[in-house]
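In my numbering, the protein residues as written are -18 to 392.
For every residue, glycine included, the Cβ atom is placed at its ideal position computed from N, Cα and C.
Quick caveat: nothing in here was measured; it's all calculated off a predicted structure.
This report refers to the structure that appears directly beneath it.
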Ligand SMILES: NC(=O)c1ccc[n+]([C@@H]2O[C@H](COP(=O)([O-])OP(=O)(O)OC[C@H]3O[C@@H](n4cnc5c(N)ncnc54)[C@H](O)[C@@H]3O)[C@@H](O)[C@H]2O)c1
Ligand SMILES: [Zn+2]
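If you want it as structure tokens, here you go:
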């Protein structure tokens, strides 16, 4: 008997293997907008009825506590909006969830939210509307992906990082087992609404966090965008909204194009270019007990891998300087003392991040590095001595900048 028919699905009753094959298409819109819940604005209603179902859509809103503190009128605005359009939308409830990384470590929050979804009889045609930073979006997205094996999710990212990276992609996650995103699923959203009106209330750290992700994707994919970032660095540091909105739009679209176009949206392979600079960043977040946020850690991670790329002759000394100056001119740091922390056997603790990164993806170690600005290359070995050298180079660079009173001109 033929043990396997390689010509496609088999209808032979006696075959011992039936080769199953199908593909599922995903599509979702990412809106760049403002004033979503002004009563006259029908965009949100159009999003809910994107499939032309023409019914009264049920929504349950989950709001990040940090957003609620800084936008206390938001629940009332949403309630008034839903009331004004009650023939098209039913507000089932509003849940407040703790903002920040805490959302991704406390399983009680997950359980409570699952129960709330159940108590409100949310079904697979109902919408979970998640409003918050990347952490809340990751946690709510995780819950929404599991209840009834997947409710519809509409994300409202409210930090720069969430709008230009975390909120526009296909992943969610919880931290567990001492690792970031140890648990999680791939679950594309129904829609993403990047409303720029959320940004003015961000503190400086969360205003800047997403800037690192913009440098990340520019350095490996888009030289013109990199030039724009370096040229806009001081304006970004001064919180000018215009350049920031352009940064968010361009960065989000580069992420979206990568997800749709690289042939591996659900990361089945071992390469993960969008995680340039992240192997050390994830570890740094943990080593600091999350005192150093994701975006801040990514800035240092990019700097470290850029130094490494320079030592491997992948980028020039001038390109390394432009990267470090550009990041620093925005107000991000390229060095933290935690980067030099050693474990009991004297090894640099951050190096454990390389092993964890490999374990997370499986297969052989694959690290993305820049090759010039705007292009990337993958390497499968990292030289520990060079990484250590890089750490101390960055420490000296940071010291020099503070001696110069941060007065270095934009590169
Ligand atoms: N799923 C993905 O593809 C993906 C990609 C990148 C990052 N992430 C994850 O995203 C998380 C980081 O997200 P983040 O940088 O958005 O930070 P965050 O979600 O941790 O939020 C930071 C703080 O800002 C507050 N906040 C949120 N919006 C605000 C607003 N408009 N005004 C004032 N305060 C506000 C929050 O309450 C919180 O205290 C990390 O856990 C990271 O792993 C996920
Ligand atoms: Zn990131």
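Quick check: is any heavy atom of ligand 2 less than 7 Å from the C-beta of residue i?
| i | result |
| --- | --- |
| residue 279 | yes |
| residue 406 | It is not possible to answer for residue 406, since the shown part of the chain is limited to -18 through 392. |
| residue 194 | yes |
| residue 236 | no |
| residue 146 | yes |
| residue 259 | yes |
Could you spell out the range, first to last residue, of the alpha helix (DSSP H) harbouring residue i?
| i | result |
| --- | --- |
| residue 138 | Taken as a continuous stretch (DSSP letters only), residue 138 belongs to no alpha helix (DSSP H), being part of the beta strand (DSSP E) at 133 to 138. |
| residue 119 | 115 to 127 |
| residue 64 | 55 to 65 |
| residue 190 | 185 to 202 |
| residue 91 | 88 to 100 |
| residue 268 | 259 to 268 |
| residue 397 | The structure shown does not extend to residue 397, since the chain spans only -18 to 392, so no value can be given for it. |
| residue 25 | 24 to 29 |
| residue 174 | First-last for residue 174: 172 to 176, but that is the beta strand (DSSP E), not the alpha helix (DSSP H). |
| residue 10 | Not the alpha helix (DSSP H): residue 10 falls in the beta strand (DSSP E), residues 10 to 14. |
Would a C-beta distance cut-off of 8 Å place residue i and residue j closer than the cut-off?
| i | j | result |
| --- | --- | --- |
| residue 119 | residue 147 | yes |
| residue 177 | residue 226 | yes |
| residue 232 | residue 198 | yes |
| residue 71 | residue 31 | no |
| residue 48 | residue 113 | yes |
| residue 159 | residue 267 | yes |
| residue 252 | residue 10 | no |
| residue 300 | residue 353 | yes |
| residue 85 | residue 184 | no |
| residue 295 | residue 351 | yes |
Measure from the alpha carbon of residue i to the alpha carbon of each residue in the options, then state which is nearest.
| i | options | result |
| --- | --- | --- |
| residue 256 | -3, 75, 222, 339 | 339 |
| residue 107 | 131, 121, 84, 117 | 131 |
| residue 380 | 314, 217, 22 | 314 |
| residue 83 | 252, 162, 39 | 162 |
| residue 243 | 268, 286, 202, 63 | 202 |
| residue 50 | 77, 71, 233 | 77 |
| residue 398 | 42, 366, 219 | The structure shown does not extend to residue 398, since the chain is modelled only from -18 to 392, so the question has no answer here. |
| residue 330 | 261, 348, 343, 342 | 261 |
| residue 23 | 326, 164, 69, 103 | 69 |
| residue 357 | -6, 200, 246, 320 | 200 |
| residue 103 | 40, 7, 86 | 40 |
| residue 165 | 196, 123, 186, 204 | 123 |
| residue 374 | 362, 321, 250 | 321 |
| residue 220 | 241, 186, 240, 239 | 186 |
| residue 35 | 93, 283, 67 | 67 |
Please list the terminal residues of the continuous beta strand (DSSP E) segment that includes residue i.
| i | result |
| --- | --- |
| residue 40 | 38 to 45 |
| residue 163 | 160 to 164 |
| residue 394 | The first residue shown for the chain is -18 and the last is 392, placing residue 394 beyond what the model contains. |
| residue 156 | 155 to 157 |
| residue 338 | Per DSSP, residue 338 belongs to no beta strand (DSSP E); it is in the alpha helix (DSSP H), 333 to 342. |
| residue 72 | 70 to 78 |
| residue 350 | 348 to 351 |
| residue 290 | Segment 275 to 292 is the alpha helix (DSSP H) holding residue 290; no beta strand (DSSP E) there. |
| residue 226 | Careful: residue 226 lies outside any beta strand (DSSP E), inside the alpha helix (DSSP H) at 222 to 242. |
| residue 359 | 357 to 360 |
Note down, in chain order, each residue of its chain lying with its Cβ closer than 7 Å to the Cβ of residue i, except the 5 sequence neighbours on either side.
| i | result |
| --- | --- |
| residue 142 | 115, 190, 191, 194, 275, 276 |
| residue 149 | 11, 173, 233, 236, 237 |
| residue 365 | 332 |
| residue 167 | 151, 152, 247 |
Apart from the five residues just before and just after residue i, which ones in its own chain have a Cβ nearer than 6 Å to its Cβ?
| i | result |
| --- | --- |
| residue -15 | Confidence in residue -15 is poor, its pLDDT being 49 and thus under 50, which makes the residue's placement unreliable; the coordinate value appears in the next sentence. The answer, listed in chain order, is -2. |
| residue 144 | 138, 175, 229 |
| residue 213 | 224 |
| residue 312 | 189, 218 |
| residue 25 | 17 |
| residue 75 | 42, 56 |
| residue 125 | 109, 132, 134 |
| residue 94 | 124 |
Given 7 Å as the limit, tell me if residue i has its C-beta closer than that to any heavy atom belonging to ligand 1.
| i | result |
| --- | --- |
| residue 187 | yes |
| residue 110 | no |
| residue 182 | yes |
| residue 262 | no |
| residue 152 | yes |
| residue 226 | no |
| residue 275 | yes |
| residue 161 | yes |
| residue 269 | no |
Output needed for residue i: all residues of its chain with C-beta closer than 8 Å, excluding positions within five of it in sequence on either side, in chain order.
| i | result |
| --- | --- |
| residue 99 | 128 |
| residue 389 | Any answer about residue 389 is weak, because its pLDDT of 47 lies below 50 and its placement is not dependable; what the coordinates show is given next. Closer than 8 Å at the Cβ level, and outside the excluded window around residue 389, lie 306, 309, 310, 382. |
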